[in-house]
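Student: One structure is given below, represented as structure tokens, and several questions about it will come after.
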Amino acid sequence: MTEEDDGGQSAPKRARSDGQKARRKKFFDGQKRQKRPKVMLTFDTDDRKSFLTGFQKRKAERKLKAKHVLDEELREERLRAKQRQKDRLLKLYDSQRPTADIEAMALPAEATETYELPKQFVSITTFDPKDMSGSLGLSLGHNTDNSGGEQSAVTTSGGHQSDNSEDDSSDSEAKSTARSASELRQQILDARKANKMEALKSLKTNKAYQRREKEKHRKDVSSAKQKRKEMRKEMKNMKQKTLLKRQMKNKKINKSRERRRRRPKPKKNK
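Numbering of the sequence shown is given in UniProt numbering, commencing with residue 1 and proceeding in unit increments.
Following this line, the structure appears as structure tokens:
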């Protein structure tokens, strides 16, 4: 059997609650005694004012800085594209450059054999392309025959040719040079066109160019929206003006009708 007090609680339970109250009182008394140090937070009035009122200014500065960086990246990309075009055109010029004349090269005397024919003299010159690559203006291992053997060049000198044959040969040479010049010009034009297309393609894949185009598109869309808004406003004003004109006209008509109605009728003479 457990003993109960007048309040209906047992003795151990009452003692436990009293102990909790005592501990709680001791804790709060200690908290009251330990005062926390006060912290005063102060701001510089000028700096605070400049910070709170300078959001728009700082945003404009960031935009301007980003624009300068974007322009610099685009300029560097265009310079690189121009340099690539220049290198390709130089390679094309080097590939189409005419070789040196064989007669102007310093060849040994025993390399040339001359034969006399009934109408002209024939000279056969034998040389090694690897040895004469410097004189021909070629690089070693390029633009040479795969056979690797010696090459021979045949030159003719007409001692008894007629004037007609000389004219025909000069005409054929002029035609061949004109044809080669036109072909070279067409190749250069094609190369320039291909270079422009490739430069535009590489520029479109550039991130700076894409950002610039996106910004330009956004500005165009916003300007178009503004124009449409202004047009709608103007149309609304025009409608209001026409309505006002119509109302004024109707008022005038109504006033004139009212005057006619109020005007006394003339009496007829009997």
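We treat Cβ as the ideally placed atom computed from N, Cα and C, and that holds for glycine.
#1: Grab me the residues of K252's own chain with a C-beta within less than 7 Å of its C-beta, minus the 5 sequence neighbours each way, in chain order.
#2: Return helix, strand or coil for T205, following the three-state DSSP convention.
#3: Tell me where the beta strand (DSSP E) around T114 begins and ends.
#4: Output yes or no for whether 9 Å exceeds the beta carbon distance between N206 and E72.
#5: Near S81, which residues of its chain fall below 7 Å by C-beta distance, leaving aside the five closest residues on each side in sequence?
#6: When you compare only the Cα positions, how much space is there between K265 and K233?
#7: Would you kindly work out how many angstroms separate the C-alpha atoms of R212 and R88, rounded to a whole number?
#8: Nearest-angstrom Cα distance between K25 and R36?
#9: Inspect the beta-carbon positions of A208 and L92 and report whether they are closer than 9 Å.
#10: Using three-state DSSP, classify L41 as helix, strand or coil.
#11: Please state whether DSSP places R84 in a helix, a strand or coil.
#12: Distance check for T126 and Y115, CA to CA, integer angstroms please.
#13: For N195, does the count of other Cβ atoms within 10 angstroms reach 16, so buried, or fall short, so exposed?
#14: Using three-state DSSP, classify R257 as helix, strand or coil.
#15: Specify the secondary structure class of R48 as computed by DSSP and reduced to three states.
#16: Nearest-angstrom Cα distance between S256 and K229?
#17: What does a CB cutoff of less than 7 Å around D46 pick up in its chain, not counting 5 residues either side in sequence?
#18: Report yes if the CB atom of T112 is closer than 9 Å to the CB atom of S95, and no otherwise.
#19: What residues in its chain sit with their C-beta under 8 Å from that of R192, if we drop five residues either side in the sequence?
#20: On the three-state DSSP scale, how would you describe K265?
#21: Counting only the same chain and skipping the five closest in sequence on each side, list residues whose C-beta sits under 7 Å from that of L70.
#22: D145 to Q83, Cα distance in whole Å?
#23: Rounded to a whole number of angstroms, what is the C-alpha to C-alpha distance between M40 and K236?
#24: Alpha carbon to alpha carbon, how far is M231 from R48?
Tutor: In short, the structure shows the following:
#1: Counting only Cβ-Cβ distances below 7 Å, and skipping sequence neighbours, we find nothing.
#2: Note: T205 maps to coil in three-state DSSP.
#3: Going by DSSP, T114 is part of the beta strand (DSSP E) stretching over 112-116.
#4: Taking a C-beta distance under 9 Å as the contact criterion, N206 and E72 do not qualify as a contact pair.
#5: It should be pointed out that residue 81 corresponds to Ala in this sequence rather than to Ser. Excluding five sequence positions before and after A81, the CB atoms of its chain that fall closer than 7 Å to its own CB belong to A199, S202, L203, given in chain order.
#6: The straight-line gap from Cα to Cα measures roughly 50 Å.
#7: One Cα belongs to R212, the other to R88, and the distance between them is close to 28 Å.
#8: Looking at the two C-alpha atoms, the distance is approximately 19 Å.
#9: Contact check for A208 against L92 fails: the beta carbons are separated by 9 Å or more.
#10: Three-state DSSP puts L41 in coil, outside helix and strand.
#11: DSSP places R84 in the helix class (H, G or I) of the three-state scheme.
#12: Distance between the alpha carbons of Y115 and T126: 14 Å.
#13: The residue is buried, with at least 16 neighbouring Cβ atoms inside 10 Å.
#14: Helix at R257.
#15: Looking at R48 - three-state DSSP - the assignment turns out to be helix.
#16: Distance between the alpha carbons of S256 and K229: 41 Å.
#17: Nothing meets the Cβ criterion.
#18: No, the Cβ-Cβ distance between T112 and S95 is not below 9 Å.
#19: Same-chain partners within the cutoff: Q85, L89.
#20: For K265, the secondary structure class from DSSP, reduced to helix, strand or coil, is coil.
#21: Within the same chain, and ignoring the five residues on either side of L70 in sequence, the residues whose Cβ sits closer than 7 Å to its Cβ are A208, R211, R212.
#22: The predicted model places D145 with a pLDDT of 47, which falls under 50 and marks its position as unreliable; any figure quoted below should be read in that light. When rounded, the distance between both Cα atoms is 32 Å.
#23: So the two alpha carbons sit approximately 59 Å from each other.
#24: Distance between the alpha carbons of M231 and R48 is about 43 Å.
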